[in-house]
Amino acid sequence: MPTQSPLELLEIAKEAAAAGSNALEKHWGKLEQVRSKGRPGDLVTEADLAAEAAVLAVLHQRSPLIGVLAEETGLQGPLGELQWCVDPLDGTTNYAHGFPLFACSVGLLKNGKPILGAIEAPALQQSYWGGHGLGAYCNGDLLQVSGCNDLSESLLVTGFAYDRFEVQNNNYTEFCYFSHRSHGVRRGGAASLDLAFVAAGRLDGYWERGLQPWDLAAGVALIEAAGGVVCDYNGSALDLASGRVVASSPGLLEPLLAGLSSCQPMPKEIYKA
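Going by the working numbering, the sequence shown opens with residue 13, and the numbers climb by one from there.
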């Protein structure tokens with residue numbers, strides 16, 4: 013069993029995310045190859061691989077008794093109640109196009125639940141970290157979710173999964189619904205930063221489907237540490253395996269859930285090419 017304290021584990025997460033971020037900075041604007049993983053928009057670059065190698069080197073050295081689930085290389089190391097979740101480059105499409113919303117995300121799960129994490133956004137020069145009982149911070153400043161409890165006064169964020177071309181339940185209806193009932197809905201293209209911005213109170217709420225554990229682990233821990241709430245679309249406890257998440261300030265959760273439950277998928281005939 014690992015013997016590190018939560019604070020020590022948070023320091024490991026911060027060091028690992030910083031190592032990944034350094035690799036991303038080295039490749040920023042210098043990519044030689046961008047490959048597709050098979051689905052439209054699902055890309056991988058040499059920066060993803062270099063950042064993941066840098067993160068894993070830190071985790072394997074500093075916490076060898078904790079297994080890792082990483083986006084590019086999958087499961088590694090021992091299975092136990094603790095598990096690292098690594099997204100070496102969240103926002104690969106943004107990165108490949110020179111758009112500065114991307115991050116390296118390192119989160120820690122305990123029995124499948126996010127408990128702490130670190131997110132580095134090098135192009136924004138922002139470092140996020142936090143965890144249960146540890147607070148949430150950006151560049152050393154304490155974070156707190158917004159106090160917004162009125163959907164009409166909120167600024168929201170969402171994203172669209174890679175399978176949006178294949179399935180009818182693709183979040184298009186939800187995007188339209190909330191765009192007409194809020195100050196606006198943003199689509200950043202990096203789930204970890206969407207969650208970090210909610211934790212920081214810059215955005216009031218977030219929902220998305222089709223996500224992976226490495227997309228969510230660090231950001232969910234940040235939001236909860238910053239006083240926010242996180243759950244599944246039906247209001248039940250977050251299940252990372254479902255790929256669905258709703259995250260917001262406490263007063264905005266019910267309007268978000270009510271809106272999601274009222275939405276029906278849009279007919280493909282309306283938007284298909």
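Note that beta-carbon positions come from the ideal geometry of N, C-alpha and C, so glycine has one too.
Other residues of its chain near residue i: CB distance less than 6 Å, five sequence neighbours each side excluded
{"i": "serine 191", "result": "Val197"}
{"i": "valine 232", "result": "Pro126, Val242"}
Contact check, residue i vs residue j, beta carbons under 9 Å
{"i": "leucine 81", "j": "leucine 205", "result": "no"}
{"i": "glutamine 156", "j": "methionine 278", "result": "no"}
{"i": "alanine 230", "j": "valine 118", "result": "yes"}
{"i": "alanine 62", "j": "leucine 36", "result": "yes"}
{"i": "serine 349", "j": "glycine 213", "result": "Absent from the model: residue 349. The displayed extent of the chain is 13 to 285, so no value can be given."}
{"i": "histidine 72", "j": "glycine 86", "result": "no"}
{"i": "leucine 120", "j": "glycine 143", "result": "yes"}
Residue from the options with nearest C-alpha to residue i
{"i": "cysteine 97", "options": "Gln137, Gly129, Ala31, Ala69", "result": "Gly129"}
{"i": "glycine 92", "options": "Val67, Gly124, Asp244", "result": "Gly124"}
{"i": "glutamate 266", "options": "Leu252, Gly201, Val169, Asp162", "result": "Asp162"}
{"i": "leucine 207", "options": "Cys243, Asn182, Ser194", "result": "Cys243"}
{"i": "tyrosine 174", "options": "Gln73, Ala29, Glu220", "result": "Glu220"}
{"i": "glycine 110", "options": "Ala59, Ala212, Thr15", "result": "Ala59"}
{"i": "tyrosine 218", "options": "Leu87, Tyr107, Val258", "result": "Val258"}
{"i": "threonine 105", "options": "Pro90, Gly41, Ala25", "result": "Gly41"}
{"i": "glutamine 45", "options": "Gly147, Ala108, Cys275, His72", "result": "Ala108"}
{"i": "proline 100", "options": "Cys150, Gly239, Leu228, Ala237", "result": "Leu228"}
{"i": "glycine 79", "options": "Ser164, Phe209, Ala65, Gln95", "result": "Gln95"}
{"i": "leucine 43", "options": "Thr57, Ser194, Ile24", "result": "Thr57"}
{"i": "tyrosine 184", "options": "Ala66, Lys280, Glu20", "result": "Lys280"}
{"i": "glutamine 276", "options": "Leu77, Gly239, Asn182", "result": "Asn182"}
{"i": "valine 210", "options": "Ile282, Tyr140, Ile235, Gly200", "result": "Ile235"}
{"i": "valine 67", "options": "Ala28, Tyr189, Tyr283", "result": "Ala28"}
Residues near residue i by beta carbon distance below 7 Å, same chain, minus five either side
{"i": "serine 33", "result": "Cys116, Glu132, Pro134"}
{"i": "glycine 247", "result": "Leu269"}
{"i": "phenylalanine 187", "result": "Thr170, Val197"}
{"i": "histidine 195", "result": "Glu165, Ser166, Leu167"}
{"i": "serine 158", "result": "Gly213, Asp216, Ser261"}
Secondary structure of residue i, DSSP reduced to three states
{"i": "isoleucine 78", "result": "coil"}
{"i": "glutamine 16", "result": "coil"}
{"i": "arginine 176", "result": "helix"}
{"i": "threonine 104", "result": "helix"}
{"i": "cysteine 243", "result": "strand"}
{"i": "alanine 249", "result": "coil"}
{"i": "tryptophan 226", "result": "helix"}
{"i": "leucine 264", "result": "helix"}
{"i": "glycine 143", "result": "strand"}
{"i": "glycine 271", "result": "helix"}
{"i": "cysteine 160", "result": "coil"}
{"i": "serine 191", "result": "helix"}
{"i": "proline 112", "result": "coil"}
{"i": "proline 134", "result": "helix"}
{"i": "leucine 91", "result": "coil"}
{"i": "glycine 231", "result": "helix"}
{"i": "threonine 85", "result": "coil"}
{"i": "leucine 68", "result": "helix"}
{"i": "leucine 205", "result": "helix"}
{"i": "leucine 167", "result": "strand"}
{"i": "glycine 200", "result": "coil"}
The ligand FAD heavy atom lying under 8 Å from the CB of residue i
{"i": "glycine 32", "result": "Judged by which ligands are present, the structure shown has none, so any question about the ligand FAD falls away."}
Bridge partner(s) assigned by DSSP for residue i
{"i": "aspartate 153", "result": "Cys150"}
{"i": "alanine 212", "result": "Paired residue(s): none; alanine 212 is not in a bridge."}
{"i": "aspartate 99", "result": "Ser117"}
{"i": "valine 257", "result": "Glu220"}
{"i": "proline 126", "result": "Leu121"}
Own chain, CB closer than 8 Å to residue i, minus 5 neighbours either side, in chain order
{"i": "glycine 255", "result": "Ala173, Arg221, Gly222, Leu223, Gln224"}
{"i": "leucine 154", "result": "Gly147, Ala148"}
{"i": "glutamate 84", "result": "Val56, Asp60, Leu61, Glu64, Pro100"}
{"i": "leucine 272", "result": "Glu186, Trp219, Tyr245, Val258"}
Chain D within 9 Å of residue i, Cβ atoms only
{"i": "alanine 69", "result": "The structure shown has no chain D; it contains just one protein chain."}
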